[in-house]
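Visitor: Got a structure for you, questions after.
Numbering (the working numbering), first residue to last: 124 to 204.
This is the structure in structure tokens:
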């Protein structure tokens, strides 16, 4: 599919060309990869947020389990003494 962008600042185009050249890419290749990455960025951010929530939940569960195991250890130690 073809995409055409008009009225882009010359300085911005020069910077894009510079970055593309450093990466060993043409302007077209660089912008193609950049736009394709941009298209999935929202999905990746949503997945990252879900992953962070999951990690927080798991962390809280582990903390609760640790507290409960400590109470059990103290209870067993108290009754065996």
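Yeah, the Cβ is synthetic: ideal placement off N, Cα and C, and Gly gets one too.
Quick check: the Cα distance between residue 158 and residue 181, rounded to an integer number of angstroms?
Guide: Taking the chain shown and counting its residues from 1, one reaches residue 158 at position 35. Taking the chain shown and counting its residues from 1, one reaches residue 181 at position 58. If you take the alpha carbons of residue 158 and residue 181, they lie about 35 Å apart.
Visitor: Would you call the segment 133–142 and the segment 150–169 touching, i.e. three or more CB-CB distances under 8 Å?
Guide: yes
Visitor: The alpha helix (DSSP H) that contains residue 134, what's its start and end?
Guide: Counting from 1 along the chain shown, the entry for residue 134 is found at position 11. It spans 133–145 - the alpha helix (DSSP H) in which residue 134 sits, taken as one unbroken run.
Visitor: In three-state terms, what does DSSP make of residue 125?
Guide: Position 2 of the chain shown, counted from the first residue, corresponds to residue 125. Of the three classes helix, strand and coil, the one that applies to residue 125 here is coil, per DSSP.
Visitor: Taking just the CA atoms, how far does residue 164 sit from residue 133?
Guide: Here residue 133 corresponds to residue number 10 of the chain shown, with the count starting at 1. Here residue 164 corresponds to residue number 41 of the chain shown, with the count starting at 1. Roughly 26 Å between the two C-alpha positions.
Visitor: Check whether the Cβ atoms of residue 169 and residue 153 sit closer than 7 Å, and answer yes or no.
Guide: Here the question's residue 169 lines up with position 46 in the chain shown. Here the question's residue 153 lines up with position 30 in the chain shown. By the CB criterion at 7 Å, residue 169 and residue 153 fall outside the cutoff.
Visitor: With a CB to CB cut of under 7 Å and the five nearest residues on each side skipped, what residues in its chain are close to residue 125?
Guide: Here residue 125 refers to the residue found at position 2 when the chain shown is read from its first residue. Nothing meets the Cβ criterion.
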